[in-house]
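Just below is one structure, and these are the notes that go with it.
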Amino acid sequence: MARPAPIVIAFFYESISLYLSKGYSLEECMELDKDTTIDAIIQSMRSNGYDVVPVGDIDELVRRIGLGEHKNWDLGFSISEGMHGTGREAQIPGILEAYQIPTVFSDAATLALGLDKAKTKMVLEYFGIPTAPFAVVPASCSDDTTRPVISHILQRSRHERELREFPLFIKPSCEGSSKGIYSFCKVNSPSELTDGVQKLQTKFPRQSILIERYLGGHEYSVSLLGTGASTRVIGTLHLDWDAARKRKCQSDLAEISDDIFARGFLDVENKNTENDKDVMKFLMSAESPEAQASEQLALQVWRVMELRDAGRVDIRWGADGKPYVLEVNPLPGLAPGYSFLTETARLQGISHEKLIGEIISSAIERNPHLKSLKIRDK
1 MARPAPIVIA FFYESISLYL SKGYSLEECM ELDKDTTIDA IIQSMRSNGY DVVPVGDIDE
61 LVRRIGLGEH KNWDLGFSIS EGMHGTGREA QIPGILEAYQ IPTVFSDAAT LALGLDKAKT
121 KMVLEYFGIP TAPFAVVPAS CSDDTTRPVI SHILQRSRHE RELREFPLFI KPSCEGSSKG
181 IYSFCKVNSP SELTDGVQKL QTKFPRQSIL IERYLGGHEY SVSLLGTGAS TRVIGTLHLD
241 WDAARKRKCQ SDLAEISDDI FARGFLDVEN KNTENDKDVM KFLMSAESPE AQASEQLALQ
301 VWRVMELRDA GRVDIRWGAD GKPYVLEVNP LPGLAPGYSF LTETARLQGI SHEKLIGEII
361 SSAIERNPHL KSLKIRDK
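FYI, the numbering for the sequence shown is 1 to 378, going by UniProt numbering.
Shown next as structure tokens:
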């Protein structure tokens with residue numbers, strides 16, 4: 001009797017170097033992965049005993065489907081962010097679902113929802129999960145009508161009373177990696193709100209703009225592994241800006257601007273600069289009662305939204321001493337030494353190889369027919 005073949009994983013991604021070479025700007029490519037990250041993920045999958053077929057982006061997927069190569073794939077593993085549309089993270093998983101190829105991470109519908117922060121907040125409210133009071137400026141609103149539209153939207157919001165007071169926070173609904181977050185996104189007056197929304201509309205004309213009550217408390221990013229009842233928290237990062245400022249003063253990293261920490265939130269400057277790794281290492285702190293409460297809230301979010309395999313839930317505390325969900329990340333970054341999930345795992349003694357193995361094992365557990373296939377000896 002022939003031995004079963006190893007599980008074949010088709011791996012999907014966009015290389016930042018490729019898209020820069022195509023003429024896209026650095027900001028447009030901000031969510032894409034470096035070649036070193038892509039290579040590290042492939043190596044970690046192979047180290048776990050899987051056969052890996054690097055495919056690349058959606059253009060390459062469509063070409064290979066046309067050649068019938070997809071018939072040899074047992075599982076899809078997509079870190080593809082996509083380049084166009086507000087459902088771009090769901091595009092490759094959606095195609096794989098159409099061809100009945102099981103995928104790692106949440107399904108296409110959940111990925112599309114998770115990328116849209118405004119719609120995610122609507123779902124969270126339905127389940128009674130606390131999220132910052134908010135209103136949404138639709139993408140159809142033009143510059144000429146921004147001021148009256150914002151006033152009307154705020155008045156009609158169910159959170160109208162909470163949104164009367166400043167500061168507020170604005171951001172495009174469907175971006176990640178702090179793309180679309182600038183120093184002007186924290187607004188302190190009606191004029192700043194109108195001007196800020198107009199700036200974001202100019203840069204992101206096809207997206208709605210989210211207006212939220214600014215939360216000034218501590219911020220946590222909770223990393224999770226598993227699906228359903230098997231889900232567990234592997235750890236939590238604390239974005240403690242006050243402590244970061246103090247530690248920066250005691251370090252030799254004088255080239256990092258104090259303004260980065262003074263803002264109190266991640267924006268395109270402090271998340272994606274040459275010093276970003278140095279900035280990130282300041283923001284990781286130990287466990288606390290707040291962190292534990294944030295983890296319990298994150299687990300609740302994970303289960304009601306039926307998230308799968310691995311991801312993050314970002315939470316910030318308000319002046320009322322309560323935690324609020326900022327956003328859900330069903331497609332987490334997996335860059336070794338940088339991404340929140342991988343750094344959280346590292347701090348808990350989980351190597352990149354083991355992390356990738358556990359993510360894939362969770363996906364296999366959801367697809368019993370894959371259990372009969374062989375995992376190649378390491």
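Each residue gets a CB set at the ideal place from its N, CA and C atoms; glycine is no exception.
Nearest-angstrom Cβ-Cβ length linking residue i and residue j, presumed shorter than 8 Å
| i | j | result |
| --- | --- | --- |
| residue 309 | residue 105 | 5 Å |
| residue 55 | residue 10 | 5 Å |
| residue 233 | residue 298 | 7 Å |
| residue 180 | residue 317 | Rounded, the Cβ-Cβ distance is 23 Å, inconsistent with contact. |
| residue 207 | residue 86 | 6 Å |
Contact under 7 Å by Cβ, residue i with residue j
| i | j | result |
| --- | --- | --- |
| residue 362 | residue 228 | no |
| residue 108 | residue 213 | no |
| residue 196 | residue 348 | no |
| residue 91 | residue 58 | yes |
| residue 220 | residue 319 | no |
| residue 102 | residue 75 | yes |
| residue 6 | residue 51 | yes |
| residue 312 | residue 173 | no |
| residue 287 | residue 117 | no |
| residue 27 | residue 81 | no |
| residue 237 | residue 324 | no |
Selection from the options that minimises the alpha carbon distance to residue i
| i | options | result |
| --- | --- | --- |
| residue 36 | 232, 224 and 14 | 14 |
| residue 209 | 77, 168 and 300 | 168 |
| residue 79 | 100, 360, 313 and 137 | 360 |
| residue 159 | 135, 242 and 151 | 135 |
| residue 296 | 306, 315 and 84 | 315 |
| residue 49 | 337, 369, 366 and 356 | 356 |
| residue 162 | 176, 211 and 181 | 211 |
| residue 34 | 22, 86 and 16 | 16 |
| residue 19 | 83, 64 and 77 | 83 |
| residue 467 | 322, 230 and 148 | Outside the modelled stretch of the chain, which goes from 1 to 378, sits residue 467, for which no answer is possible. |
| residue 166 | 21, 192 and 182 | 192 |
| residue 77 | 364, 302 and 301 | 364 |
| residue 175 | 152, 204 and 190 | 204 |
| residue 303 | 370, 182 and 110 | 110 |
| residue 177 | 152, 138 and 115 | 115 |
| residue 456 | 22, 29 and 100 | Residue 456 lies beyond the residue range present for the chain, which begins at 1 and ends at 378; the question has no answer from this structure. |
| residue 373 | 358, 23 and 73 | 73 |
| residue 138 | 171, 164 and 127 | 171 |
| residue 289 | 322, 346 and 300 | 322 |
| residue 127 | 300, 371, 346 and 337 | 300 |
is_contact[residue i, chain B] using C-beta, thresh 7 Å
| i | result |
| --- | --- |
| residue 354 | Structure shown: chain B not included; a single protein chain is present. |
### Task
Jot down the residue ranges of each uninterrupted alpha helix (DSSP H) in the segment 281-335, minimum 4 residues, whole runs only, in chain order.
With a minimum length of 4 residues, the continuous alpha helix (DSSP H) runs that stay inside the segment 281-335 are 289-304.
### Task
Could you name each continuous beta strand (DSSP E) segment of 3 residues or more that falls completely within the segment 135-216, going from the start of the chain to the end?
Counting whole runs of 3 or more residues, the segment 135-216 contains the beta strand (DSSP E) stretches 168-172 and 209-213.
### Task
Spell out a yes or no on whether the segment 42-53 and the segment 350-360 are touching, meaning 3 or more CB-CB pairs, one atom from each, closer than 8 Å.
yes
### Query
Hey, is the segment 118-128 in contact with the segment 88-96, meaning 3+ C-beta pairs nearer than 8 Å?
no
### Task
Taking 8 Å as the threshold, find out whether the segment 9-24 comes into contact with the segment 52-69 through three or more Cβ pairs.
yes
### Message
Taking 8 Å as the cut-off, does the segment 338-347 touch the segment 182-201 (at least 3 CB pairs, one atom from each stretch)?
### Response
no
### Query
Within the chosen definition, does the segment 316-333 reach the segment 193-208 through at least 3 CB pairs nearer than 8 Å?
no
### Message
Runs of 3 residues minimum, wholly inside the segment 46-122: which ones carry the beta strand (DSSP E) assignment?
### Response
51-56 and 75-78
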